Each structure stands twice: as structure tokens, then as C-alpha cells.
Amino acid sequence: MKLSVIMPVYNRERHVGSALRSLLRQRDAADLDIIVIDDGSTDSSAAVVRSLIAEAPCIRLFQQENAGVTRARNAGLRQLLPQTGLVSFLDSDDISPPGRFKADLACFDADPTLELTYSRMTLVDDIDDDTLEPTADSHSVTVRGIHLSPAIFVRRLVERIGSFDEDFHQAEDTDYLLRTFESGPKFTMPDTVALYYRRHPGNMTRQADVPFREFMRAVYKSMKRREADRSLHPVDGIFDFKELANWRFL
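This note's numbering applies: residue 159 is where the sequence shown begins, and numbers increase by one.
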């Protein structure tokens, strides 16, 4: 079954090559289709991606004027191939650990009715771009966080949830995941790590105020949806809020 991985990119020339290589090393486990959406980068991000396409035609690059990560994710959804059966996401500064796809795809093989796997993630300060592993001195914490990349969706679930809410400029992934779990999919939560999330000055983790407000807005919208429609499912107990809160102060 073809697995499409959507990767939005904006000015990530330093890290996008490592992110892509972390996917390519898992080609033996999955029939990969990597959809890269260059959201109007002004650096050499697109050139880095093109340099890998020559050896890996499973990478498809699409370029657009800068419109923000939410619209970039939706652009990726529009590029899904007819034969795509599974959908995942990876941000262009993060790493997919070795063996991740093999572990998660085994869950789908074992249960054809499964709609979603939602694994754990390790948040780290530093990753060695040669080994694609956290450095020995990196601070880290492993959690079940609110992030798209630890999830693999079956195609029919993505089609049921629909597009990302373009009213969100940040926390669009939080909103999407909450809507997903509210819909009551059949899911499993493996204890394996599906993501190395790289914390650095250029991403949003340290710039806490705006993302936190957007996060709380997504949570509030989820609460109001569930109040208005009692058929929606609760999302309590899925995410490690306490560990995520502690990470903000590391």
C-alpha cells in the first residue's frame, strides 16, 4: 500500500535534506510517495530537495507563493495520488526514526479495519545530521504529544476529516488531530517513537506565546464542538499535557 508523506517547507535549507533522508532510509518498509510543498522559500531549500530527487524519484516537489503552513498542508493533500492508501506528515526540520514505518505499518497489516496509528515523539535540542539521531548531550523528553507526524492515517479517514482549517496560522495540526479523534476513528497508540522533534531558534516551540494562544483556541473550538454535538467523541487521556508543559521550561 502506498504511503504518502506530506512535508511543507519554508526556508529550511539547513535541515530539509536530513528530514528527507530520514524518510528515504525507510523505503524498504513502505512504498513511499514524498510530497514536498515549498511554500515560497527564499533560500536554497528547493535546490536541496531537487538534489535528492535525482536519486529518489519518490520525492515530488511542488512550489507555491508563500501562503503559510496551513495552506501548504492543504496543498499537499490535493497532491495525493489515486493509489495512496496511507497518509502521514513530517515537518522539514524533524526526523523520522529508523524502523518507524515498519512498526506502524505492521499495525495496519494486523488489523485491516484500523484507521489511525498514533505513536510517541521525542523532543530534542540537537540532532546529528549525519547519523540522524539525537546527540549524546541533547536534552530530550519522550511524550505522546499533539503533533501530526507521529500519526499515520488511512486515506478514508483523511477524506472524512477534510482539509486543515485555514483560519489557523499556527496550531492547525492541533485542530486537525482534535477533529480526527472527535470523529471516533479506530486507532491504536504504539509505544514506539515515531518522531524526533528538533527544538531550535527557528521553529515555534521556544516562541511560546502565540502558539500557546492558538493551541488554546483549537482546544476551545474542540470543546464547543463537543458541547454542540454529543455524538462527537472525547479526547481526554490521549495527549501528555503535563510533560509538554514541563518541556516549555527546559
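Cβ atoms here follow ideal geometry from the backbone N, Cα and C, with glycine treated the same way. Since this is a predicted model, take the numbers as computed values, not measurements.
Among the options, which residue has its Cα nearest to the Cα of residue i?
i, options, result
"Arg179", "Asp286, Val245 and Leu235", "Asp286"
"Ser176", "Asp284, Val299, Val227 and Asp367", "Asp284"
"Phe322", "Ala230, Val174 and Phe259", "Ala230"
"Ala294", "Thr300, Val227, Val282 and Arg302", "Val282"
"Gln222", "Ser203, Ser209 and Pro240", "Ser203"
"Met165", "Ala376, Thr200, Ala187 and Arg236", "Arg236"
"Glu317", "Leu182, Asn232 and Pro215", "Asn232"
Could you tell me which residues DSSP pairs with residue i in its beta bridges?
i, result
"Thr275", "Ile310 and Thr346"
"Arg356", "Val282"
"Pro166", "Ile195"
"Ile253", "Tyr354"
"Pro409", "Past the edges of the chain, shown from 159 to 408, lies residue 409, and the structure says nothing about it."
"Leu161", "Leu190 and Leu244"
For the alpha helix (DSSP H) that residue i lies in, which residues bound it at each end?
i, result
"Ser176", "Val174 to Leu182"
"Phe322", "From DSSP, Phe322 is part of no alpha helix (DSSP H); its letter is neither H nor E."
"Asp201", "Element bounds for Asp201: n/a, residue is neither H nor E."
Please classify residue i: does DSSP put it in a helix, a strand, or coil?
i, result
"Arg218", "strand"
"Asp118", "Nothing can be reported for residue 118, as the shown portion of the chain is limited to 159 through 408."
"Ile211", "helix"
"Leu390", "coil"
"Glu317", "helix"
"Leu420", "Only positions 159 to 408 of the chain appear in this structure, which leaves residue 420 out of reach."
"Leu238", "coil"
"Asp398", "coil"
Leaving out five residues before and five after residue i in sequence, what residues of the same chain have Cβ atoms less than 6 Å from its Cβ?
i, result
"Asp394", "none"
"Pro189", "With the sequence shown as reference, residue 189 is identified as Asp, and Pro is not the correct amino acid for it. Here the set comprises Lys160."
"Pro343", "Glu273, Leu274 and Leu315"
"Thr350", "Ala261 and Ser277"
Ends of the beta strand (DSSP E) at residue i?
i, result
"Phe247", "Thr242 to Phe247"
"Ser298", "Ser298 to Val301"
Residues in its own chain within less than 7 Å of residue i by CB, not counting five upstream and five downstream?
i, result
"Gln328", "Met362, Val368, Pro369 and Glu372"
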